[in-house]
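S.K.: Sharing a structure with you now.
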Amino acid sequence: REKRLTLPPSEITLL
Amino acid sequence: PGLLEPTSTLVRVMKSASTLGIAIEGGANTRQPLPRIVTIQRGGSAHNCGQLKVGQVILEVNGLSLRGHEHRDAARIIAEAFKNKEKDYVDFLVTDFN
Chain A
154 REKRLTLPPS EITLL
Chain B
2 PGLLEPTSTL VRVMKSASTL GIAIEGGANT RQPLPRIVTI QRGGSAHNCG
52 QLKVGQVILE VNGLSLRGHE HRDAARIIAE AFKNKEKDYV DFLVTDFN
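In structure tokens, the structure reads:
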């Protein structure tokens, strides 16, 4: 399993 | 800066509206390590500029690299660049290559 798949998704910010 | 990113483009967004009008996702320690544009709001400065596109990844803001910055930090850097009254524009170095 690739390491990147264990990273969390990001929140989204409106600017 | 940017010279090692052959597909990158410098986009100057004039502060033509009261909001920048983009939504971003990503940042250090997430699946998307650099902020990616997920929405461009109609009527915002970014939309008026016409050169930013959904899906582009933001490498730099006013020459400052976003690499290594977590999401909230990257969002703050972009927000402060837009609020800074010393410039009537924000320069974005973006790439279509994710």
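Protein chains in written order, with the working numbering: chain A, 154 to 168; chain B, 2 to 99. C-beta atoms are modelled at their ideal positions from N, C-alpha and C, and glycine is treated no differently.
For A:L160 and B:A29, I'd like the C-alpha separation in whole angstroms.
M.R.: Between A:L160 and B:A29, the C-alpha separation is close to 10 Å.
S.K.: Is B:I78 close to chain A? Criterion is C-beta to C-beta, closer than 8 Å.
M.R.: Chain A, which has no Cβ nearer than 8 Å to the Cβ of B:I78, makes this no.
S.K.: Under 8 Å, Cβ to Cβ, is there at least one residue of chain A near B:H72?
M.R.: With 8 Å as the cut-off, B:H72 counts as an interface residue toward chain A.
S.K.: By Cβ distance, which residues of its chain are closer than 8 Å to B:E26, with the 5 residues on each side in sequence left out?
M.R.: Q33, P36, R37, V39, H72, listed in sequence order.
S.K.: Just the Cα atoms here: how many angstroms apart are B:K54 and B:I41?
M.R.: Looking at the two C-alpha atoms, the distance is approximately 7 Å.
S.K.: Could you have a look at B:A18 and say whether DSSP puts it in helix, strand or coil?
M.R.: The answer is coil: DSSP assigns B:A18 none of H, G, I, E or B.
S.K.: Count the other CB atoms, across all protein chains shown, that sit within 10 Å of the CB of B:S131; report buried if there are 16 or more and exposed otherwise.
M.R.: Nothing about residue 131 of chain B can be reported from this structure: the residues present for chain B run from 2 to 99 only.
S.K.: Does the beta carbon of B:T10 sit closer than 8 Å to a beta carbon anywhere in chain A?
M.R.: Cβ-Cβ to chain A under 8 Å: no for B:T10.
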